[in-house]
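Residue numbers (this note's numbering): 122 to 256. Don't be surprised by glycine CBs; every beta carbon is placed ideally from N, CA and C.
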Amino acid sequence: DVLAGLELFRSLECATCHVESLQTAPAGTQLFGGAYTVPDAIGDKVFHPFSDYLLHDIGTGDGIVQNGGEDTANKVRTMPLWGLRTRTELMHDGASPSYDHAILRHRGEALNATRRYWQLSPAQKQSLFAFLRSL
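Right under this line is the structure:
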């Protein structure tokens, strides 16, 4: 079920924003004008946050301008899904009590993914939820 759910997650295009894997900068990379050098311990590591950490308009923004100007007022940072299995309040505002509710709230840039989700069978939704519970 978990692997089938992962494939559904990908086919719904949830991974467009909830990116499966990211890689840290190589060890020795200097950041902030040389004020910080990436150490060996965290350099060139792959991790799986299921987020791109970027701002997107998914229809649930609060109108508060983020760093980046007026056009960010209704955007929210993509919620990392790692550790999702430990959460009972979902989405950036904690207002969704279930995976189904959280997914159905996605609008704006995520509307096409939500429309594809609507077409899933109950069994497919359960596979998707099994995957989400595995994170």
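- request: For S248, count neighbouring Cβ atoms within 10 angstroms of its own Cβ and tell me buried if that reaches 16, exposed if not.
  value: buried
message: Quick check on Q144: does DSSP put it in helix, strand or coil?
response: For Q144, the secondary structure class from DSSP, reduced to helix, strand or coil, is strand.
query: Excluding sequence positions up to five away, which residues of its chain have a Cβ less than 6 Å from the Cβ of D173?
result: C138, V140 and T199
message: G229 and I163 - do their beta-carbons sit closer together than 8 Å?
response: no
- request: Could you check which residue in L202, D192, V197 and D161 has the C-alpha nearest to that of A136?
  value: L202
- prompt: Do you know offhand how far G126's Cα is from H222's?
  reply: 17 Å
task: Report the rounded CA-to-CA distance for V167 versus P147, giving the unit in angstroms.
output: 11 Å
field: Per-residue burial, H169 [other beta carbons within 10 Å of its own, 16 or more giving buried]
entry: exposed
task: Check the C-beta distance from S217 over to R226 and give it rounded, since I have them as a contact under 8 Å.
output: 6 Å
message: Which residues does DSSP list as the beta-bridge partners of S217?
response: L211
task: Pull up the distance between the alpha-carbon of P160 and that of L241, whole angstroms please.
output: 45 Å
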